[in-house]
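Reading through the structure tokens given below for one structure.
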Amino acid sequence: MQPSRPHTDITRSHCVTAETLSPRQCPTPQALKKACDFRQQCMLKHPRLSDFHSLAEHLHAGLLEGDSAVSSYIPQPFRLRVRGICYTPDCYIVDGDRRRILEINPSGEIPDDRRIPLEQFFKKQKMRFEVVSNQSIYARRIEAENWLEIVRLLYVARDVDTQVAEQTVLEFLYRHTQCEVGDLVDAGDRERTYNQEIALFRLLHRGILRAALTDHHLDYDTAVSLCH
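The opening residue of the sequence shown carries number 1085 in my numbering; numbering runs sequentially from there.
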């Protein structure tokens, strides 16, 4: 009698194949757009119209936009086959020198016969495969929604020159250490302080400033300070 094959035989990296590992957002089929909670938004760290197949994916992208350690990300970055079954990861993330591949799902877990080969396959490519739960993202929903709103404002204003306004905002904070958004943005005349508003959000997005975005939605009384 031949000895039984070890469990690892079905969980090795050779169970995973890919035509390319050059990350580029895969188009979303029309049928999937109708079947899933499909969302789109023009982002900043992924400089194309981004597709998200669930609320959790969309919110997670907002958190990535607010993470100054993350320089870029790509939703639905490539198509793989795991033991002959088609699979598309949810996100490719560039975080300093790290490259991470993310799966987002309700439980934060996937079966070992898919997870282990994916971990080993990406490890050979000097990438890390991770799984996160929807709930861990929903726990930071307010923060994520704040960043998605900031990204919308910055995308619309992407051609606005804020070099002078950024210096004005920084000088104000050097003098006062901390302020509220309403100290820099005139609620009664936003047009007059528009450049200053966009400058403030650009400095937040670049991680030069920080704001209290975790517990309350962005407003004129949101606290802002310099990062140290």
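Yeah, the Cβ is synthetic: ideal placement off N, Cα and C, and Gly gets one too. Just so it is clear, the structure is predicted and the values come from calculations on it, not from any experiment.
What does the alpha-carbon distance come out to for the pair residue i and residue j?
i: residue 1141; j: residue 1248; result: 35 Å
i: residue 1109; j: residue 1302; result: 30 Å
i: residue 1192; j: residue 1207; result: 20 Å
i: residue 1098; j: residue 1300; result: 47 Å
i: residue 1259; j: residue 1274; result: 23 Å
i: residue 1254; j: residue 1214; result: 37 Å
i: residue 1103; j: residue 1312; result: 44 Å
i: residue 1265; j: residue 1211; result: 39 Å
i: residue 1157; j: residue 1125; result: 14 Å
i: residue 1292; j: residue 1183; result: 23 Å
i: residue 1209; j: residue 1267; result: 48 Å
Grouping DSSP H, G and I as helix and E and B as strand, with all else coil, what is residue i?
i: residue 1271; result: coil
i: residue 1309; result: strand
i: residue 1200; result: helix
i: residue 1234; result: helix
i: residue 1246; result: coil
i: residue 1194; result: coil
i: residue 1226; result: helix
i: residue 1158; result: strand
i: residue 1255; result: helix
i: residue 1097; result: helix
i: residue 1288; result: helix
i: residue 1149; result: helix
i: residue 1220; result: helix
On the DSSP bridge assignment, give the partners of residue i in chain order.
i: residue 1264; result: 1307
i: residue 1283; result: Answer is none; residue 1283 lacks a bridge partner.
i: residue 1171; result: 1164
i: residue 1313; result: Nothing can be reported for residue 1313, as the shown portion of the chain is limited to 1085 through 1312.
So which of the options has the shortest CA-CA distance to residue i?
i: residue 1181; options: 1155, 1136 and 1166; result: 1155
i: residue 1257; options: 1287, 1217, 1187 and 1132; result: 1287
i: residue 1306; options: 1239, 1227 and 1121; result: 1227
i: residue 1296; options: 1237, 1185, 1229 and 1239; result: 1229
i: residue 1277; options: 1292, 1304, 1262 and 1291; result: 1304
i: residue 1220; options: 1151, 1173 and 1143; result: 1143
i: residue 1166; options: 1134, 1205 and 1177; result: 1205
i: residue 1120; options: 1137, 1289 and 1244; result: 1137
i: residue 1185; options: 1195, 1159 and 1196; result: 1159
i: residue 1224; options: 1309, 1139, 1147 and 1123; result: 1147
i: residue 1218; options: 1238, 1188, 1135 and 1194; result: 1188
i: residue 1203; options: 1309, 1101, 1285 and 1233; result: 1101
i: residue 1200; options: 1145, 1310, 1308 and 1096; result: 1096
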